[in-house]
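First comes the structure, then the notes that go with it.
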Amino acid sequence: AKSVNVSFKTPTRGEIAHLVIDSTGLKVFGEGECKVKKHGQERRRIWRKLHLAVDSNTHEIICADLSLNNVT
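Read in order, the letters of the sequence shown are residues 1 to 72 in full-length UniProt numbering.
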């Protein structure tokens with residue numbers, strides 16, 4: 001296996017005046033999706049929710065979290 005060295009510098013954060021929070025659903029595709037299309041069998045779909053907190057001035061992502069679809 002190969003490895004990649006990545007270095008980055010996070011910007012210095014000032015005071016956050018407005019924080020925008022949102023979440024969206026993400027569809028998870030796997031081998032089951034192909035089987036459903038080919039054979040027409042119905043099975044439960046897998047979803048995840050991506051929650052983001054973004055600084056409205058700098059558009060910087062302050063926090064991100066991925067959860068199961070049953071989290072509101």
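Here a beta-carbon is modelled for each residue, glycine too, at the ideal position from N, C-alpha and C.
N- and C-terminal bounds of the beta strand (DSSP E) containing residue i
i, result
"residue 94", "Residue 94 is absent from the structure shown; the chain starts at 1 and stops at 72."
Which of helix, strand or coil DSSP assigns to residue i
i, result
"Val-20", "strand"
"Lys-35", "helix"
"Ser-7", "coil"
"Gly-25", "strand"
Residue i versus residue j - alpha carbon distance
i, j, result
"Leu-19", "Ala-53", "6 Å"
Residue i and residue j closer than 8 Å at C-beta
i, j, result
"Ser-23", "Lys-2", "no"
"Ile-21", "Asp-55", "no"
"Asn-69", "Gly-25", "yes"
**OP:** Assess, as a yes-or-no matter, whether the region 33–40 is touched by the region 62–69 under the definition of 3 or more beta carbon pairs within less than 8 Å.
**Re:** no
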